[in-house]
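J.: Protein chains in written order, with my numbering: chain A, 364 to 646; chain B, 150 to 409. Where is the CB? At the ideal position from N, CA and C, for every residue including glycine. Just dropping this structure here.
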C-alpha cells in the first residue's frame with residue numbers, strides 16, 4: 364500500500380544521485396512541484412527520461428542536476444526552443460550533457476516494454492532516419508514470421524517514475540484522466556513510483572476501464588494541489604501559457620536564468636511559496 | 150479582402166489539400182492551423198488526430214501546444230501515447246500526415262534534429278517528436294515550410310524523418326510505403342517528380358516569379374512541365390481563418406487574465 368509522506372520526504376527517500384528518473388506528462392499533468400523539489404535537494408548525475416522534455420527538464424539541466432537525457436522532443440511547447448538544454452549541448456554549460464534520442468513512438472515502446480517485463484520493444488520505425496547512427500539502443504531486426512525489417516529499442520526501467528494525477532483515495536489508489544500520455548507505462552516500468560495529486564478523496568468514483576494505478580503499484584502519494592503548475596490539470600485548472608512564453612526570455616541567458624531560479628525556486632520553502640513569489644513578481 | 154500575410158496564404162493552400170472524411174495526423178503550428186481551417190470550411194467531417202492522444206478532435210480555438218486541454222475536451226476519444234502510435238498510426242489508420250520541419254532537402258527528407266554536426270551542432274533543434282513514424286507510416290505526407298534558402302537545402306544536415314532518401318525508388322527499396330505528396334511553402338507548391346522524386350514547382354502564388362522561387366531555394370530548383378498559378382484565397386477561406394485566429398486570441402487573453 365502507498366505511503367503518504369510530504370513531498371520533500373518522498374524525494375529524499377526515493378531519488379538518489381545517479382538515478383534514472385522519469386517525470387512524465389504530455390503537456391498535461393507535468394509534475395513540476397516534484398521536479399522543483401529534486402532541484403532544491405541538489406540531486407546530481409541524474410539520467411532523466413521523458414518524451415517531451417519542457418521547462419522542468421530545462422530547469423533541472425540548467426541547475427546541474429542532469430548527466431544524461433533520454434528523450435524525443437526537447438522544446439518549449441508552442442513557444443520555441445529550450446535555451447538551457449541548448450546551452451548544455453552546444454556549450455557544455457553548466458556541464459556536458461549526454462543525450463540519447465528516440466522518437467515519441469519509440470520511447471513509448473521502450474517504456475511499454477519496461478512495464479511488460481520485456482528486454483526490448485519493437486516498432487516499424489527509423490528506416491532511412493539518421494537517429495540509429497547515434498543511438499546504440501536502436502537496432503534493426505528481421506521479423507521471424509514476415510521477414511519485415513523492424514526497429515528494436517532497448518526497454519527502459521527507471522529507478523523512479525514521478526507523475527501528477529487528479530485524485531487518490533485514502534488507500535493510495537490513483538486516478539488520472541484527460542491526456543494521459545505514457546504515464547501508466549512509465550509508472551509500471553519503474554522500480555518505484557511517486558505520484559503527486561490534486562486531492563485525496565474518500566471514493567474515486569471511477570468507471571470501469573478508467574486509468575487507475577492501484578495503491579500497491581505506487582510507493583508514495585503526496586498531496587500537492589496545484590503541483591502541475593504552470594502546466595494544466597484537466598477539470599481542475601488551465602495551462603498558464605504566459606509562464607511558458609515568459610520562460611523564453613528568462614532562460615535565454617545564464618544570468619537571468621540563475622537569478623530567476625534563486626529568487627523563485629531555491630528561496631521558496633515549498634511549491635505554494637514558489638507560486639506566490641511568481642505572482643508577486645508579475646504584479 | 151487581402152490576406153494579412155504569406156503565412157495565411159500558405160495555411161489556406163495547405164487546408165485545401167485536406168479532403169473531407171480523411172484521417173489526418175496533425176503536427177503543431179501551421180499544420181494544426183491549416184487542418185482546423187479545413188475542418189471549419191470544406192472538410193467538416195475530417196478526423197484530426199494529435200499525437201498526445203486525442204482522436205476526432207474539434208477545437209474551436211487553436212491549441213498552443215500539442216497536448217492542450219481543448220483537444221481532449223472536444224475529441225471523440227482520447228487514448229494513451231503508446232496507443233496512438235501503435236494502433237492508429239502504425240495500424241494503418243492515418244491517411245495524411247501533416248508536418249513542419251526546420252529543413253527539407255530536394256528529396257523531401259526532413260530535419261528537425263540539428264543544424265551542423267550531430268556531435269557538435271551549430272544549432273540544437275527540439276528533435277524528432279512523432280515525425281519519423283508519421284513520415285514513414287501515413288499513407289501520404291504533407292509538409293509545410295517557409296521558403297528560405299537555409300531551409301530548402303540540397304541535402305539536410307540530418308535525416309530525422311525519411312522522405313524519398315536518395316531519390317528514385319530509394320524509399321520503396323528501403324521498405325517504406327507512402328511518402329511526401331506535396332510541400333507547401335509561402336511562395337508556391339512543390340511536388341515530387343514522378344521518376345526522380347526530386348521536388349519540382351507545381352504552383353506559384355500570384356505575383357511570385359520563377360526567378361524569385363529559384364533564388365529562395367538551396368538547390369537548382371526545377372519546374373514541372375505545367376506550372377499553374379495558385380487560386381487566390383476566397384472570401385470564405387479568409388473569413389474562416391480570421392475568425393479562428395480571433396477566437397484563439399480572445400481565448401488566450403481570457404486565460405491569462407484568469408491565471409494572473
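Specify, as a first and last residue, the run of the alpha helix (DSSP H) that residue 619(A) falls within.
T.: Taken as a continuous stretch (DSSP letters only), the alpha helix (DSSP H) holding residue 619(A) covers 617-623.
J.: Any beta carbon of chain C sitting closer than 8 Å to that of residue 391(A)?
T.: The structure shown contains no chain C; its protein chains are A and B.
J.: Using a Cβ-Cβ cut-off of less than 7 Å, give me the residues of the stretch 262-273 of chain B that come near chain A, in sequence order.
T.: Within the stretch 262-273 of chain B, the residues whose Cβ lies closer than 7 Å to some Cβ of chain A are 267, 270, 273, listed in chain order.
J.: Quick one: is residue 281(B) near chain A, going by C-beta distance under 8 Å?
T.: Answer yes: the Cβ-Cβ gap between residue 281(B) and chain A drops below 8 Å somewhere.
J.: So, with DSSP's three-state summary, where would you put residue 159(B)?
T.: Residue state, collapsed to three classes: helix.
J.: Which residues in chain B have a C-beta closer than 8 Å to the C-beta of residue 494(A)? List them in chain order.
T.: In chain order: 262, 277, 281, 309.
J.: In chain order, what residues of the same chain lie with their CB nearer than 6 Å to the CB of residue 196(B), ignoring the 5 residues before and after it?
T.: For residue 196(B), where only same-chain residues beyond five positions count, the Cβ hits under 6 Å are 172, 205.
J.: Given 8 Å as the limit, is there contact between the stretch 234-242 of chain B and the stretch 205-225 of chain B, that is, 3 or more CB pairs closer than that?
T.: Flag = no, the stretch 234-242 of chain B and the stretch 205-225 of chain B do not touch.
J.: Considering residue 326(B), what are the terminal residues of the alpha helix (DSSP H) in which it resides?
T.: Premise fails: residue 326(B) is in no alpha helix (DSSP H) and is neither H nor E.
J.: Name the chain A residues whose beta carbon is nearer than 8 Å to that of residue 316(B)?
T.: Under the 8 Å cutoff, chain A gives no residues; its nearest Cβ is about 12 Å from residue 316(B).
J.: Just reading off the beta strand (DSSP E) that residue 527(A) is part of, what are its end residues?
T.: Start and end: 523-532.
J.: Once the 5 residues before and after residue 488(A) are set aside, which same chain residues still bring their CB inside 7 Å of it?
T.: Counting only Cβ-Cβ distances below 7 Å, and skipping sequence neighbours, we find 466, 468, 469, 514.
J.: Quick one: what does DSSP say residue 171(B) is sitting in, helix, strand or coil?
T.: If DSSP states are grouped into helix, strand and coil, residue 171(B) belongs with coil.
J.: List the endpoints of the continuous beta strand (DSSP E) containing residue 583(A).
T.: Unbroken beta strand (DSSP E) run through residue 583(A): 583-586.
J.: Following the continuous alpha helix (DSSP H) through residue 189(B), name the residue where it begins and the one where it ends.
T.: Note, residue 189(B): alpha helix (DSSP H), 179-189.
J.: Determine the DSSP secondary structure at residue 644(A), reduced to helix, strand or coil.
T.: Residue 644(A) falls in the helix class under three-state DSSP.
J.: Taking the CB atoms as reference points, tell me whether residue 528(A) and residue 564(A) lie closer together than 8 Å.
T.: It is not a contact, given that the beta carbons lie outside the stated cut-off.
J.: Using a Cβ-Cβ cut-off of less than 7 Å, give me the residues of the stretch 364-383 of chain A that come near chain B, in sequence order.
T.: Cβ contacts with chain B come from no residue of the stretch 364-383 of chain A.
J.: Do residue 478(A) and residue 392(A) have their beta-carbon atoms positioned less than 8 Å apart in this structure?
T.: No; because the gap between Cβ atoms is not below 8 Å, this pair is not in contact.
J.: Under the rule that 16 or more other beta-carbon atoms within 10 Å means buried, what is residue 268(B), buried or exposed?
T.: Residue 268(B) should be labelled exposed.
J.: Using a Cβ cut-off of 8 Å, pull out every chain A residue sitting near residue 240(B), in sequence order please.
T.: Here the premise fails: no neighbours, minimum Cβ distance about 10 Å.
J.: Scan the stretch 306-363 of chain B and note each continuous alpha helix (DSSP H) run of 4 residues or more that stays entirely inside, going in chain order.
T.: 319-323, all fully within the stretch 306-363 of chain B.
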